[in-house]
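**Student:** Provided herewith is a single structure, encoded as structure tokens, for subsequent inquiry.
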Amino acid sequence: MSLLDDLKAIEEQALIDLENADSLETLEQIRIAITGKRGSLTAAMKMMGRLVPEERPVVGKLANEVRANVEAALATRKLELEKAKLAARIDAEAVDVTLPGRYLPQGTQHLINQIREEIEDIFVSLGYTVEDGPYVETTWYNFTALNAPEDHPSRSSKDTFYVVDNAPEGKEGHVLGESDVLLRTQTSGVQVHTMEEKKPPIYMICPGTVFRPDTADANHLSQFTQVEGLVVDEGITFGDLKGTLDHFCREIFGAERATRYRPHFFPFTEPSCEVDVSCGVCHGAGCRFCKNTGWLEILGCGMVDPNVFQFCGIDPERYTGFAFGIGVERVAALRYDLPDLRMLMTGDMRFLRQF
Ligand code: DAH
Numbered sequence: 597m598s599l600l601d602d603l604k605a606i607e608e609q610a611l612i613d614l615e616n617a618d619s620l621e622t623l624e625q626i627r628i629a630i631t632g633k634r635g636s637l638t639a640a641m642k643m644m645g646r647l648v649p650e651e652r653p654v655v656g657k658l659a660n661e662v663r664a665n666v667e668a669a670l671a672t673r674k675l676e677l678e679k680a681k682l683a684a685r686i687d688a689e690a691v692d693v694t695l696p697g698r699y700l701p702q703g704t705q706h707l708i709n710q711i712r713e714e715i716e717d718i719f720v721s722l723g724y725t726v727e728d729g730p731y732v733e734t735t736w737y738n739f740t741a742l743n744a745p746e747d748h749p750s751r752s753s754k755d756t757f758y759v760v761d762n763a764p765e766g767k768e769g770h771v772l773g774e775s776d777v778l779l780r781t782q783t784s785g786v787q788v789h790t791m792e793e794k795k796p797p798i799y800m801i802c803p804g805t806v807f808r809p810d811t812a813d814a815n816h817l818s819q820f821t822q823v824e825g826l827v828v829d830e831g832i833t834f835g836d837l838k839g840t841l842d843h844f845c846r847e848i849f850g851a852e853r854a855t856r857y858r859p860h861f862f863p864f865t866e867p868s869c870e871v872d873v874s875c876g877v878c879h880g881a882g883c884r885f886c887k888n889t890g891w892l893e894i895l896g897c898g899m900v901d902p903n904v905f906q907f908c909g910i911d912p913e914r915y916t917g918f919a920f921g922i923g924v925e926r927v928a929a930l931r932y933d934l935p936d937l938r939m940l941m942t943g944d945m946r947f948l949r950q951f
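Heads up, the sequence shown is in this note's numbering, so the first residue is 597 and it goes up one at a time.
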């Protein structure tokens with residue numbers, strides 16, 4: 597077969613192949629097979645050197661035509677395939693603006709935060725400020741300035757999370773309980789911060805998280821919420837304490853619930869008491885919920901001990917005051933008759949949505 601025939605056959609086959617190419621990748625393979633270094637057309641062109649001189653112009657002309665035709669066909673097919681590819685992509689990525697929006701499940705405010713805000717509202721409406729304090733405290737704020745003696749059991753690492761190894765330099769290791777830095781076990785330390793920063797009259801509350809190494813059970817959590825309260829002014833009496841906390845209990849639990857003040861001991865108040873509200877399940881008759889007492893404890897309180905005033909640089913001859921600490925989870929449990937405090941920590945929406 598002559599080179600002329602070869603060239604025509606190459607062209608014919610090339611045009612068919614190009615027409616059938618269904619992707620840019622196959623098109624590129626076809627191009628390489630024809631005009632690439634080892635392509636069929638390239639090979640045919642190389643053969644021209646062996647022709648007798650008079651044949652060269654004719655074969656050369658045809659070779660150029662074949663090359664031009666093949667390249668033109670390649671370019672056309674390439675354009676078509678590119679267009680098709682773009683169209684397919686536009687199709688695939690199209691946004692259907694008529695589709696309805698996607699439903700995002702809505703959360704609700706957590707019961708603990710609801711109650712905390714409610715308590716805040718009650719005291720803010722009485723003219724109290726809302727203060728904030730650090731979760732990580734020193735023993736000074738959490739114990740010492742609150743009149744807790746050095747050997748008070750709540751300072752032990754069984755009752756307090758100590759968080760920093762501050763063993764003296766050169767001394768290796770660290771014994772829990774020797775640290776000065778801890779996760780606060782009560783919000784009462786904010787009393788000290790506030791009295792250090794502000795002059796009386798002070799009317800403040802401080803809501804916040806506190807931590808204790810307790811194993812969680814129906815009545816205990818290792819992390820829970822308190823609202824601390826502190827009043828410092830001239831002429832404050834136990835009557836002010838009782839009037840204020842009775843008002844608070846009525847607002848939170850309703851006028852029909854009774855309150856009871858039981859003597860107790862706290863290092864930072866004297867006298868001190870715990871306040872109970874009458875059981876909402878049995879209304880005082882006695883039931884399983886109130887362990888047959890008819891009463892449920894909700895807060896601790898008392899008249900600020902003069903020692904605490906002295907630690908904080910306030911004159912105990914001139915000022916008196918009262919303080920209290922409310923357990924927020926406890927208030928939630930008593931108000932909604934929750935059988936187990938751990939329900940508040942599970943994040944179960946079926947439970948949380950009820951409130
Ligand atoms: N800090 C106490 C506790 O965690 C609660 C408390 C009791 C706070 C009496 C007070 C108070 O301010 O006066 O058990």
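The C-beta atom is built at its ideal place from N, Cα and C for all residues, glycine as well.
Is Ile848 closer than 9 Å to Gly825 when the C-beta atoms are compared?
**Tutor:** Looking up residue 825 in the sequence shown gives position 229. Looking up residue 848 in the sequence shown gives position 252. No, the Cβ-Cβ distance between Gly825 and Ile848 is not below 9 Å.
**Student:** Do you know how far the Cα of Arg949 is from the Cα of Leu779?
**Tutor:** Along the sequence shown, read from residue 1 onward, the residue named residue 779 stands at position 183. Along the sequence shown, read from residue 1 onward, the residue named residue 949 stands at position 353. One C-alpha to the other measures close to 31 Å.
**Student:** Here's the rule: buried if 16 or more other CB atoms are within 10 angstroms of the residue's CB, otherwise exposed. What is Gln787?
**Tutor:** For the purposes of this step, residue 787 is taken as the residue at position 191 of the sequence shown. Burial call: buried.
**Student:** Nearer than 8 Å: is that true of the beta carbon of Phe844 relative to any heavy atom of ligand 1?
**Tutor:** The count along the sequence shown starts at 1 and reaches residue 844 at position 248. No - ligand 1 has no heavy atom lying nearer than 8 Å to the Cβ of Phe844.
**Student:** Residue range of the beta strand (DSSP E) that Gly656 falls in?
**Tutor:** Start at 1 with the first residue of the sequence shown, and residue 656 comes out as number 60. Looking at the DSSP string, Gly656 is not in any beta strand (DSSP E); the run it does join, the alpha helix (DSSP H), is 652 to 688.
**Student:** In angstroms with no decimal places, state the Cα-to-Cα distance between Gly804 and Phe885.
**Tutor:** Within the sequence shown, the letter at position 208 stands for residue 804. Within the sequence shown, the letter at position 289 stands for residue 885. One alpha carbon belongs to Gly804, the other to Phe885, and they sit about 27 Å apart.
**Student:** State the Cα-Cα distance for the pair Gly632 and Lys681, rounded to the nearest angstrom.
**Tutor:** In the sequence shown, the residue the question calls residue 632 occupies position 36. In the sequence shown, the residue the question calls residue 681 occupies position 85. Roughly 24 Å separates the two Cα atoms.
**Student:** For a quick check, are the C-beta atoms of Leu677 and Asp618 less than 9 Å apart?
**Tutor:** Here the question's residue 677 lines up with position 81 in the sequence shown. Here the question's residue 618 lines up with position 22 in the sequence shown. A contact, by the Cβ cut-off of 9 Å.
**Student:** Is the segment 932 to 939 in contact with the segment 840 to 860, if contact means three or more CB pairs nearer than 8 Å?
**Tutor:** no
**Student:** Does DSSP put Ser721 in a helix, a strand or coil?
**Tutor:** Translated into positions along the sequence shown, residue 721 becomes position 125. Ser721: coil per DSSP, three-state reduction.
**Student:** Got a sec? Which residues, its chain only, sit under 8 Å from Cys869 by beta carbon, not counting five neighbours each side?
**Tutor:** For this step, residue 869 is matched to residue 273 along the sequence shown. Counting only Cβ-Cβ distances below 8 Å, and skipping sequence neighbours, we find Tyr857, Arg858, Pro859, His860, Gly896, Cys897, Gly898.
**Student:** Return helix, strand or coil for Gln822, following the three-state DSSP convention.
**Tutor:** In the sequence shown, residue 822 corresponds to position 226, counting from 1. Of the three classes helix, strand and coil, the one that applies to Gln822 here is strand, per DSSP.
**Student:** Less than 9 Å separating the beta-carbons of Gly729 and His789?
**Tutor:** Reading the sequence shown from its first residue, position 133 is the one you call residue 729. Reading the sequence shown from its first residue, position 193 is the one you call residue 789. Against a cut-off of 9 Å, the Cβ pair of His789 and Gly729 comes out as a contact.
**Student:** On the criterion of 16 or more Cβ atoms from any shown chain inside 10 Å, does Ile626 qualify as buried, or is it exposed?
**Tutor:** The residue given as residue 626 occupies position 30 in the sequence shown. With 16 or more other Cβ atoms within 10 Å, it is buried.
**Student:** Tell me whether Thr865 counts as near ligand 1, meaning its Cβ is closer than 8 Å to at least one heavy atom of that ligand.
**Tutor:** As a working note, residue 865 is residue 269 in the sequence shown. At least one heavy atom of ligand 1 is nearer than 8 Å to the Cβ of Thr865, so yes.
**Student:** Using C-beta distances below 7 Å, list every residue in its chain close to Leu772, excluding the 5 sequence neighbours before and after it, in chain order.
**Tutor:** Looking up residue 772 in the sequence shown gives position 176. Because the pLDDT at Leu772 is just 47, under 50, the model does not fix this residue reliably, and the point stays unresolved.
**Student:** Thinking C-beta only, is Leu742 closer than 9 Å to Phe920?
**Tutor:** Here residue 920 corresponds to residue number 324 of the sequence shown, with the count starting at 1. Here residue 742 corresponds to residue number 146 of the sequence shown, with the count starting at 1. Contact flag unset, no.
**Student:** Just to confirm my understanding: we take Ala629, look at its own chain, exclude 5 residues before and 5 after, and list those with CB closer than 7 Å. What are they?
**Tutor:** Within the sequence shown, numbered from 1, the residue matching residue 629 stands at position 33. Excluding positions up to five away in sequence, the list reads Gly635, Ser636.
**Student:** Name the one or two DSSP bridge partners that Phe849 has.
**Tutor:** Reading the sequence shown from its first residue, position 253 is the one you call residue 849. The partner list for Phe849 (beta bridge, DSSP) is empty, contrary to what the question assumes.
**Student:** If we count the other Cβ atoms within 10 Å of its Cβ and call it buried at 16 or more, is Val726 buried or exposed?
**Tutor:** Here residue 726 refers to the residue found at position 130 when the sequence shown is read from its first residue. Val726 comes out exposed.
**Student:** Taking the C-alpha atoms as reference points, what is the distance between Ala671 and Leu614?
**Tutor:** Position 75 of the sequence shown holds residue 671. Position 18 of the sequence shown holds residue 614. Each residue's Cα considered, the two are about 10 Å apart.
**Student:** In the DSSP assignment, find the unbroken beta strand (DSSP E) run with Phe920 in it and report its ends.
**Tutor:** Walking along the sequence shown from the start, residue 920 turns up at place 324. Residues 916 to 923.
**Student:** Rounded to a whole number of angstroms, what is the C-alpha to C-alpha distance between Gln906 and Thr740?
**Tutor:** For the purposes of this step, residue 906 is taken as the residue at position 310 of the sequence shown. For the purposes of this step, residue 740 is taken as the residue at position 144 of the sequence shown. Each residue's alpha carbon lies about 12 Å from the other.
**Student:** Shortest alpha-carbon distance to Gly850 belongs to which of His879, Ala690, Asp901?
**Tutor:** Along the sequence shown, one-based indexing puts residue 850 at 254. Looking at the Cα atoms, His879 is the closest of the given residues.
**Student:** Helix or strand or just coil, what does DSSP make of Pro859?
**Tutor:** Against the sequence shown, residue 859 aligns to sequence position 263. Strand, per DSSP.
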